[in-house]
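For our numbering, count along the sequence shown from 1 and bump the result up by 2. Please read the structure below before turning to the comments.
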Amino acid sequence: MSNLLNTLFFLLIVLPLNKSEDSCPNCGSNRFTKNGSIHNKKPKYSCLDCGRQFVKHSTKIWISQQQKELIDKLLH
Ligand SMILES: [Zn+2]
């Protein structure tokens, strides 16, 4: 059971911190600027600290919903 709780805490706390949509996926900086867009019209961003170019992903929302359902099942 403790292993399960550790996994839950990892999913709830560590992953969202690492996958924040408002930070550079390479260095974690939140100093970035919009820099054009890619082929499917998604805005592209350029990190001001490390120069990495990236697009924001919407998978975090899906993961968060999965996490909520999982927690509800296990704790209630
Ligand atoms: Zn960066």
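Glycine included, every Cβ here is placed at the ideal spot set by N, Cα and C.
Under the three-state reduction of DSSP output, S66 falls in the helix class.
Taking one beta carbon from each stretch, the region 7-15 and the region 32-42 have fewer than 3 pairs nearer than 8 Å; the two do not touch. Taking every protein chain shown into account, the CB of C52 has fewer than 16 other CB atoms within 10 angstroms, so this residue is exposed. If you draw a straight line from the Cα of S48 to the Cα of H78, it is about 43 Å long.
As the crow flies, the alpha-carbon of N5 is around 15 Å from that of L72.
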